[in-house]
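Some notes on the structure that comes next.
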Amino acid sequence: MHVIQDLPAPVTPKLTSSTPWLHALMRRLRSAPPASPGLLDRGALAVRAAQVGALLRARGLSAGQPCLIVDEGPAFTLAAVLGAWLVGARPAVHASTMGAGGPDALVTSLRRLRGLLGGPCPVLLPAAAVAVATPGLEFLLGVPERIELAPLPSARWHVPRPSELAYFQLSSGTTGSTKAIAIRWSALMAELEVLVDIAGRSRRLASWLPLNHDFGFTFVLSALDRYDALALARPAEFMADPLGWLRSVASARADHVLMPPFALSYVLRRVAAEALATLDLRCVRRIHVGGESVHPREAARFLEALAPAGLDPRSIVVGYGLGEATCGTHSCHRDGTSIARITRGPFTPGSAVQLNGVHTLDALPELRASELFVSSVGRPSVGVRCWLVDAEGSRVDEERRCGEVVIDGPMRADGYLHAPDAVEPLPRGGVRTGDVGFHHEGQLYLVDRLGNLIIRRGCNFLARELEVTVARALGLHHGRVLVVDTDLQDPESALAVVVQRGEPLDPDETRARLSGLELPAPLSAVYRL
Numbered sequence: 134m135h136v137i138q139d140l141p142a143p144v145t146p147k148l149t150s151s152t153p154w155l156h157a158l159m160r161r162l163r164s165a166p167p168a169s170p171g172l173l174d175r176g177a178l179a180v181r182a183a184q185v186g187a188l189l190r191a192r193g194l195s196a197g198q199p200c201l202i203v204d205e206g207p208a209f210t211l212a213a214v215l216g217a218w219l220v221g222a223r224p225a226v227h228a229s230t231m232g233a234g235g236p237d238a239l240v241t242s243l244r245r246l247r248g249l250l251g252g253p254c255p256v257l258l259p260a261a262a263v264a265v266a267t268p269g270l271e272f273l274l275g276v277p278e279r280i281e282l283a284p285l286p287s288a289r290w291h292v293p294r295p296s297e298l299a300y301f302q303l304s305s306g307t308t309g310s311t312k313a314i315a316i317r318w319s320a321l322m323a324e325l326e327v328l329v330d331i332a333g334r335s336r337r338l339a340s341w342l343p344l345n346h347d348f349g350f351t352f353v354l355s356a357l358d359r360y361d362a363l364a365l366a367r368p369a370e371f372m373a374d375p376l377g378w379l380r381s382v383a384s385a386r387a388d389h390v391l392m393p394p395f396a397l398s399y400v401l402r403r404v405a406a407e408a409l410a411t412l413d414l415r416c417v418r419r420i421h422v423g424g425e426s427v428h429p430r431e432a433a434r435f436l437e438a439l440a441p442a443g444l445d446p447r448s449i450v451v452g453y454g455l456g457e458a459t460c461g462t463h464s465c466h467r468d469g470t471s472i473a474r475i476t477r478g479p480f481t482p483g484s485a486v487q488l489n490g491v492h493t494l495d496a497l498p499e500l501r502a503s504e505l506f507v508s509s510v511g512r513p514s515v516g517v518r519c520w521l522v523d524a525e526g527s528r529v530d531e532e533r534r535c536g537e538v539v540i541d542g543p544m545r546a547d548g549y550l551h552a553p554d555a556v557e558p559l560p561r562g563g564v565r566t567g568d569v570g571f572h573h574e575g576q577l578y579l580v581d582r583l584g585n586l587i588i589r590r591g592c593n594f595l596a597r598e599l600e601v602t603v604a605r606a607l608g609l610h611h612g613r614v615l616v617v618d619t620d621l622q623d624p625e626s627a628l629a630v631v632v633q634r635g636e637p638l639d640p641d642e643t644r645a646r647l648s649g650l651e652l653p654a655p656l657s658a659v660y661r662l
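Per the working numbering, the very first residue in the sequence shown carries number 134; after that it's consecutive.
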């Protein structure tokens, strides 16, 4: 494979009246040479974006109006976002038809969000997807494979001001209905500075993360003007063939890779060790892992399994962020990912942490029953302010003492859209994230979400740890298992297990598999969804 490396100098992510970042990015994309097979063609992307801009202008979409973009593929979504920005619109990227749960669920979600965003709010979909999935809806704007309109000329490109809203980040909806987080251009520029700091001297990026997710969206957006090559795939492609995707990483000679934590164990479950050993992943310098809690043992198993493929044992770089801060705020890119071995709780904000050791992923010791591992997410990146507070909101400045994580900085979002043109601002003085953590030697270690702690006999147990234990016993992925209290008011109540599985559970086999597990309380029942 031939990868072009001689590209114009990367764009510094700043927004000025003379040369807006958006305009500089478009010009850089237009000057890029044709891409090798399997890589994003950035020259074609620039042309396509300007054509989408012309299509939206012809449709009557004007500056300041919202639009929805269904993430049916990275090239389509990026062109639609850039095209919307060229006319001054405010895009919101929605999950794909498959990611939304099918055509009916997609339409239901789109109708609700259009009411929230207000205005004409066209929904951009590939024309073929409109015909198959959701025909006959007047608000759908099918974008044909070949747009017959001339690209929007640069003289008509919108010039964004730092104070303008750039886009709406849609939350995942895991804690309720999907929310629209309003993000200004100034916050986006600050976040791109964060990602420049995290990415360092990277050259080629491989990712299958959906672009409706803030992690995938902002990282890929930053990579557009700084990387020599981008190998972007859809989530469905990775899920269907994880080995094939890893081969594409090797083929593209990607040095930076994006993966959520669950994908590490997914690879191990779906791909035989012998097949993994045939790969050549010596090119990979960093695997940026974020978006959910990291299970250190799972990450260590992934590194061990891919050691024969030449994967660097220090390649996994854990990060942290949230949509309310536009995305990333912390990363282990400077120090490497450290794993703390601590004594179990209590982990209530303000309580002390007993630290028994700090380790690397390639050298994790055996744990005592009273211990657990928690991962560092690194140090705050450029411009990020992070501190911890106790239950009363007072600062926790002492190291190795738990507190709720609070984030602030220029990348902070405005707030949540609760009606058209009405943003409920985030509280001043930082965003309380709901995550519990502690500091050690300047690094932030995350324990868990405030509501995900199960307390027994004065000790706090991480629900996600118990879920991994139960999932292994049942032969399921831990993402399909929930361990919950049966009575939040009774500290001695039994636990219940909820599993997502298509086939019925055999009662006798389930009892046999779960017998003998070391759990903080008895199991009262197992429920199947």
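Even for Gly, the Cβ is constructed at its ideal location relative to N, Cα and C.
Go through the region 149–204 residue by residue and report every complete run of the alpha helix (DSSP H) that reaches 4 residues or more, in order. 154–164, 175–192
Alpha carbons only, please: which of 188, 332, 225, 524 is nearest the one belonging to residue 549? 225
Straight-line Cα distance separating residue 185 from residue 435: 41 Å
Straight-line Cα distance separating residue 472 from residue 430: If I take the Cα positions, the gap works out to 10 Å.
DSSP three-state assignment for residue 141, whether helix, strand or coil: A caution first: residue 141 carries a pLDDT of 41, below 50, which makes its placement in the model unreliable, though a value can still be read off. In this structure, DSSP gives residue 141 a state outside helix and strand, which the three-state scheme calls coil.
With the cut-off set at 8 Å, would you say residue 442 and residue 387 are in Cβ contact? no
For residue 130, which three-state DSSP category applies? Past the edges of the chain, shown from 134 to 662, lies residue 130, and the structure says nothing about it.
Assess, as a yes-or-no matter, whether the region 342–353 is touched by the region 201–218 under the definition of 3 or more beta carbon pairs within less than 8 Å. yes
Out of 428, 401, 461, which one is the CA nearest neighbour of residue 600? 428
Helix, strand or coil for residue 399, going by three-state DSSP, please let me know. helix
In its own chain, which residues sit with a C-beta less than 7 Å from the C-beta of residue 515, not counting the 5 before and 5 after it? 326, 327, 330
Determine whether the beta carbon atoms of residue 547 and residue 560 lie at a separation below 8 Å. no
Among 287, 615, 461, which one has its Cα closest to the Cα of residue 354? If we check each option's Cα against that of residue 354, 461 comes out closest.
Terminal residues of the alpha helix (DSSP H) in which residue 433 lies: In the DSSP assignment, residue 433 falls within the alpha helix (DSSP H) that extends over 429–438.
Only counting runs of 3 or more residues, tell me where the beta strand (DSSP E) segments fall wholly within the region 373–428, in order along the chain. 389–392, 419–422
Take residue 285 and list the residues in its own chain whose beta-carbon comes closer than 6 Å to its own, dropping the five residues that flank it on each side. 183, 186, 187, 219
Out of 301, 446, 366, point me to the one whose CA is closest to residue 496's CA. 446
Taking the CB atoms as reference points, tell me whether residue 545 and residue 233 lie closer together than 8 Å. It is not a contact, given that the beta carbons lie outside the stated cut-off.
Backbone CA spacing between residue 364 and residue 173 [nearest angstrom]: Here the alpha carbon of residue 364 sits roughly 6 Å from the alpha carbon of residue 173.
For residue 411, does the count of other Cβ atoms within 10 angstroms reach 16, so buried, or fall short, so exposed? exposed
Would you list the one or two residues that DSSP bridges to residue 454? According to DSSP, residue 454 bridges with 461.
Between the CA atoms of residue 322 and residue 196 - distance to the nearest angstrom: Each residue's alpha carbon lies about 19 Å from the other.
Is it true that the region 628–638 meets the region 596–616, where meeting means three or more beta-carbon pairs spaced less than 8 Å apart? yes
Leaving out five residues on either side along the sequence, give the residues of the same chain with a beta carbon under 6 Å from the beta carbon of residue 543. 323, 516
What does a CB cutoff of less than 6 Å around residue 661 pick up in its chain, not counting 5 residues either side in sequence? 632, 634, 638
Runs of 3 residues minimum, wholly inside the region 562–637: which ones carry the beta strand (DSSP E) assignment? Fully enclosed beta strand (DSSP E) runs of no fewer than 3 residues occupy 564–573, 576–582, 586–589, 592–595, 614–618, 628–632 of the region 562–637, in order along the chain.
Distance, residue 237 Cα to residue 262 Cα: 13 Å
From the DSSP output, in three-state form, read off residue 446 for me. coil
Classify residue 117 as helix, strand or coil using the three-state DSSP reduction. Nothing in the structure corresponds to residue 117, since the chain is present only between 134 and 662.
For residue 539, name the three-state secondary structure that DSSP assigns. strand
Assuming residue 216 and residue 189 make a contact with CB atoms under 8 Å, what is their CB distance in whole Å? Right, the Cβ-Cβ distance comes to about 6 Å (below 8 Å), so this counts as a contact.
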